[in-house]
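What follows is one structure encoded as structure tokens, with my remarks underneath.
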Amino acid sequence: MPELPEVETTVRGISPYLVGNTITNLVVREPRLRWPIPESLVDHIVGRQVTNIIRRAKYILIEFESGHLLIHLGMSGSLRLTSIGESSKFHDHVDFEIGTERLLRFHDPRRFGCVLWIDGDPAEFRLLKNLGPEPLTDDFNANYLYKMSRNRKTAVKNLIMDSRVVVGVGNIYASEALFRAGIRPGTRASRISTPKYHRLVSAIKDTLNAAITSGGTTLRDFVNGYGMPGYFSQELLVYERAGKACRVCQNSISKRVIGQRSTYYCRTCQK
DNA sequence: CTTTACGCCTGACGGC
DNA sequence: TGCCGTCAGGCGTAAA
């Protein structure tokens, strides 16, 4: 499932083929995504040149002079480059034809993703305006996280998964980062000290960076811009390892539900 | 304000 | 073999 590293991997993969090139055709086979693909999208992008492409949280923003194309991969979505004329398969919902040969194909079996158009400043768009800082920037640091945690009764895992606090930390990497930081996921956010938040912030950045380096995590069907899987799943320390030996201390990995999400941790390594 | 529950959707998997 | 219930998950939204 795409988390921040997968989205980053996708953006890096497709960027060289998009920026500076013109969208020559749009094919929408299935507009019923999380929100319907607007019918006016074709008028906004066909015949227009892509000027830039960036990631914000887990959103992909493809910039045109007239506005931004917003794409979210949901939990089963992928974007991959192929060639115009390549036959489409089940759940290949949208094709963006680029120039005369290339094709960017949006595939999303579960249709939790979205393809939308943004007029004006993307930062003010309803889906983006309430987002917290990017986890890999200096705005996300121990002092900031400590301040955000005060008067919060919720578990620290919920805190770091709250997109208003920090974006891009999904369920997999939340468990992974808390393990690396030696913090139990169920600990109340307000009872964690600044030094521990320092370790947690570092662990989040390290985990995300390592996953980006590995090309993202592939648990089911994620593929990057080239249609290749990521390899970070081989490096997961606790996620989906309930009952297996901790890679550090050999004790059994525990599993419990926090915030309606499966959560994995080591009772020995995490206090 | 914070916190919680739900629903969207398909595919994988286990039990019978 | 097939059917059916359950789970998985990002995240916006409604409700508490």
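Its first residue numbered 2, the first sequence is counted upward by one per residue in this note's numbering. For glycine and all other residues, C-beta sits at the position ideal for the given N, C-alpha and C.
**OP:** If I'm right that residue 74 touches residue 137 with Cβ under 8 Å, what's the distance once you round it to whole angstroms?
**Re:** Incorrect: roughly 19 Å between the Cβ atoms, too far for contact.
Original post:
Who are residue 63's beta bridge partners in DSSP?
Top reply: 54, 70, per the DSSP bridge assignment.
**OP:** Give every residue of the same chain whose Cβ lies closer than 7 Å to the Cβ of residue 26, excluding the five residues on either side of it in the sequence, and list them in chain order.
**Re:** Same-chain partners within the cutoff: 47, 98.
Subject >> Collapsed DSSP secondary structure at residue 150 in the structure displayed >> reply: Of the three classes helix, strand and coil, the one that applies to residue 150 here is helix, per DSSP.
Subject >> Length at least 4, wholly inside the region 8-47: the alpha helix (DSSP H) runs in chain order >> reply: Every alpha helix (DSSP H) of 4 residues or more that sits fully in the region 8-47 is shown, in chain order, as 42-46.
Original post:
If we call anything under 8 Å between Cβ atoms a contact, is residue 111 one with residue 76?
Top reply: Yes, Cβ-Cβ distance for residue 111 and residue 76 is below 8 Å.
Original post:
Between residue 1 and residue 211, is the Cβ-Cβ spacing less than 8 Å?
Top reply: Since the first residue of the chain shown is 2 and the last is 272, residue 1 is not available in this structure.
Subject >> Neighbourhood of residue 83 by C-beta, 7 Å cutoff - its chain only, sequence neighbours within 5 removed >> reply: Cβ neighbours of residue 83 within its own chain (closer than 7 Å, five residues either side excluded): 104, 106.
Original post:
Quick one: Cα of residue 62 to Cα of residue 159, how far?
Top reply: So the alpha carbons of these two residues sit roughly 26 Å apart.
**OP:** With DSSP as the reference, please indicate the residues paired to residue 167 in a beta bridge.
**Re:** None; residue 167 has no bridge partner.
Subject >> Cβ-Cβ separation, residue 264 to residue 272 (assumed contact under 8 Å), whole Å >> reply: That belief does not hold up - the Cβ atoms of residue 272 and residue 264 are roughly 16 Å apart, past 8 Å.
Subject >> Supposed close pair residue 90, residue 3 - CB separation, criterion 8 Å >> reply: In this structure, residue 90 and residue 3 do not form a Cβ contact; the two beta carbons are roughly 19 Å apart against a cut-off of 8 Å.
Original post:
Exposed or buried, which one is residue 197 when buried takes at least 16 other CB atoms within 10 Å?
Top reply: Answer is buried; the Cβ neighbour count reaches 16.
**OP:** Under the assumption that residue 165 contacts residue 131 (Cβ atoms under 8 Å), give the Cβ distance between them as a whole number of angstroms.
**Re:** Rounded to whole angstroms, the Cβ separation of residue 165 and residue 131 is 6 Å, and the two are in contact under 8 Å.
**OP:** List the endpoints of the continuous alpha helix (DSSP H) containing residue 200.
**Re:** Its alpha helix (DSSP H) spans residues 195-214.
Original post:
Is residue 180 helix, strand or coil by DSSP?
Top reply: Helix, per DSSP.
Subject >> Contacting residues, own chain, Cβ-Cβ under 7 Å from residue 204 (five flanking each side not counted) >> reply: Only 178, 181, 182 meet the Cβ criterion.
**OP:** Alpha carbon to alpha carbon, how far is residue 92 from residue 123? Give it in angstroms, no decimals.
**Re:** For residue 123 and residue 92, the distance between alpha carbons rounds to 28 Å.
Subject >> Nearest-angstrom beta carbon gap, residue 35 and residue 115 [assumed within contact, 8 Å] >> reply: With a Cβ gap of about 5 Å, residue 115 and residue 35 count as contacting.
**OP:** Using 10 angstroms around the beta-carbon of residue 14, count the other beta-carbons present and answer buried if the total reaches 16, otherwise exposed.
**Re:** The Cβ neighbour count for residue 14, taken over all protein chains shown within 10 Å, is at least 16; the residue is labelled buried.
Subject >> beta strand (DSSP E) segments (min. 3 residues) lying fully within the region 87-147 >> reply: Along the length of the region 87-147, whole beta strand (DSSP E) runs at least 3 residues long occupy 93-99, 103-108, 115-119, reported in chain order.
Original post:
Nearest to residue 187 by CA position, among 100, 195, 156, is which residue?
Top reply: A check of alpha carbon separations from residue 187 across 100, 195, 156 identifies 156 as the nearest.
Original post:
Just reading off the alpha helix (DSSP H) that residue 161 is part of, what are its end residues?
Top reply: Where residue 161 is concerned, the enclosing alpha helix (DSSP H) stretches over 157-162.
Original post:
Taking residue 190 as the reference, which of 8, 215, 154 has the closest Cα?
Top reply: Nearest C-alpha to residue 190: 154.
Original post:
Should residue 56 and residue 9 be called a contact, given that it needs their Cβ atoms to be closer than 8 Å?
Top reply: The answer is yes: Cβ separation under 8 Å.
Original post:
Would residue 226 be called buried (16 or more neighbouring beta carbons within 10 Å of its own) or exposed?
Top reply: Reliability of the predicted coordinates at residue 226 is poor, the pLDDT of 45 falling under 50, and the value obtained from them is presented with this limitation in mind. It counts as buried.
Subject >> For residue 262, the nearest candidate out of 268, 20, 240, 244 (CA to CA) >> reply: Residue 240 is the option with its Cα nearest to residue 262.
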